[in-house]
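Residue 7 is where the sequence shown starts when you use the numbering used here, and the numbers rise one by one after that. Each residue gets a CB set at the ideal place from its N, CA and C atoms; glycine is no exception. Please read all numbers here as calculations on a predicted model, not as lab measurements. Structure, as structure tokens:
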Amino acid sequence: MEALRLILRERTRSCGCHDQYRRKQPRYAANYERPATPRVHHLGSEASEVTATVTRLRRELKEAEDVLADEQQRRDEVARREAEARRREEKERQRAEAERQRAAAARAAAAEQERQRQAAAQAAAIAEAARQEKVRVRNARGTRYKFWCAHAEDVDDNMSDDCTCVAINGTAAIFLYEGGGWAYTANLCTNLFNKLNGRSINHPSPLYVAMGTMDRYYIRFANGKSEWVGYDCMSEELNSASRTVKTVAFGRTFESYFIVYEDGSWSYRGDIPDGLQKQIEKREKRADLACVSLGPEGEWYLEARNGKAWWNGLSQRNYDDIQKAGKNNVTFMAFGSNDNYLIRYT
């Protein structure tokens, strides 16, 4: 546009008034003078030409300016469209990214929900398996009971489904529970009483206990340590044994005892009832025992690992309670002096 203005200015400048004309030499002698021709001024036509040129240049300038304006408008429109396209593209990118993040979050939430569901299902399955195992164990050791014991009211109060072990000797009773607790009645033998009375909860809990007459007992704690009072031969065997003791029974004499180990093996010494010895012989001395109980009057109870059990030498009252419980439901028997007994059954 500036260039057009310069061209217009130059053309205007070059268009002057032609008021001077070239004079022709006279054809006649010097003394002859031709009459002067009057001058004719063409200022009007020159001005018109200049005006036309200016008008044309202005028109061309206007056209050029319009072209430039159109071009600028076109460029602006292109830039606007490109900016709009970039804006839409960025908006679409942001929308796609938001959708991707939403989908990823939804997948993560679904995966977490599924993980929690599976974890909850697994925890529920584990809890149910633990519950069923607890029920199985409790049924195996007996959830119901009948007894004829000293301190009957205390025995009745302390017997429960979570009682893992019970021992009697005719003058006292002791109870061990799931979770490591214990309870006992009055007249507990002094040595055993001292082991339990005031025992700190930080100390290992008792896991198994057995009692006999003449202050004999055996107790095993959670740390594997065992203590007992009994015949010297029993002490020698327990001190030298590499197997874990499952049950201990004390017979009618101080020297008599019967030990069953966790692997089903067993040993005994002293005055053991004939009926028990015959049953062991009848079973070909198989090392598959689960429990043996002895009483001071020749009572005995034998249980194999397959759940079968045998007993004999019992009082009539004891037999009557077994009949009431159902002989196939009996899971454990313990005996004490003065015809004391305790039956566990399911």
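Are the CB atoms of residue j and residue i within a distance shorter than 7 Å?
i	j	result
G186	S211	yes
V298	A340	no
L282	E305	no
F338	R323	no
R258	D277	yes
T149	T352	yes
V266	T253	yes
V215	I207	no
Y151	M165	yes
Y307	W317	yes
Going by CA-CA distance only, name the one from the options that's closest to residue i.
i	options	result
D238	R222, Y267, R226, E83	R222
R275	E83, A114, E261, A340	E261
R144	N335, G342, N346, Y347	N335
S343	E98, A110, A85, A156	A156
D167	V141, A189, W188	V141
On the three-state DSSP scale, how would you describe residue i?
i	result
M220	coil
D72	helix
L67	helix
E233	strand
N203	coil
Q107	helix
L244	helix
A35	With a pLDDT of 47 at A35, under the threshold of 50, the predicted position of this residue should be treated as unreliable, though the coordinate-derived value follows. Coil.
Quickly, what does DSSP pair residue i with across the bridge? List them, please.
i	result
C297	E309
M165	Per DSSP, none; premise fails for M165.
P279	In the DSSP output, where bridge partners are listed per residue, P279 has none listed.
C171	L182
A192	According to DSSP, A192 bridges with nothing at all.
S273	I265
Y214	R226
R249	According to DSSP, which records beta bridges pairwise, R249 is partnered with nothing at all.
F338	R350
Since residue i and residue j are thought to touch, with beta carbons under 8 Å apart, how far apart are those beta carbons, to the nearest angstrom?
i	j	result
E233	R249	Between R249 and E233 the Cβ distance is about 18 Å, and since that is not below 8 Å, they are no contact.
F181	Y347	So it is not a contact: roughly 16 Å between Cβ atoms.
A178	A192	7 Å
A296	S271	Not really, about 12 Å apart at Cβ, beyond 8 Å.
E243	S273	6 Å
A189	L213	Not quite, the Cβ-Cβ distance comes to about 15 Å (not below 8 Å), so this is no contact.
Could you check if residue i belongs to the surroundings of the ligand SAH, using beta carbon to heavy atom distance under 6 Å?
i	result
D163	This structure lacks the ligand SAH; in fact it carries no ligand of any kind.
Please confirm whether residue i has its beta-carbon closer than 7 Å to some beta-carbon of chain C.
i	result
E261	Among the protein chains of the structure shown there is no chain C, as only one such chain exists.
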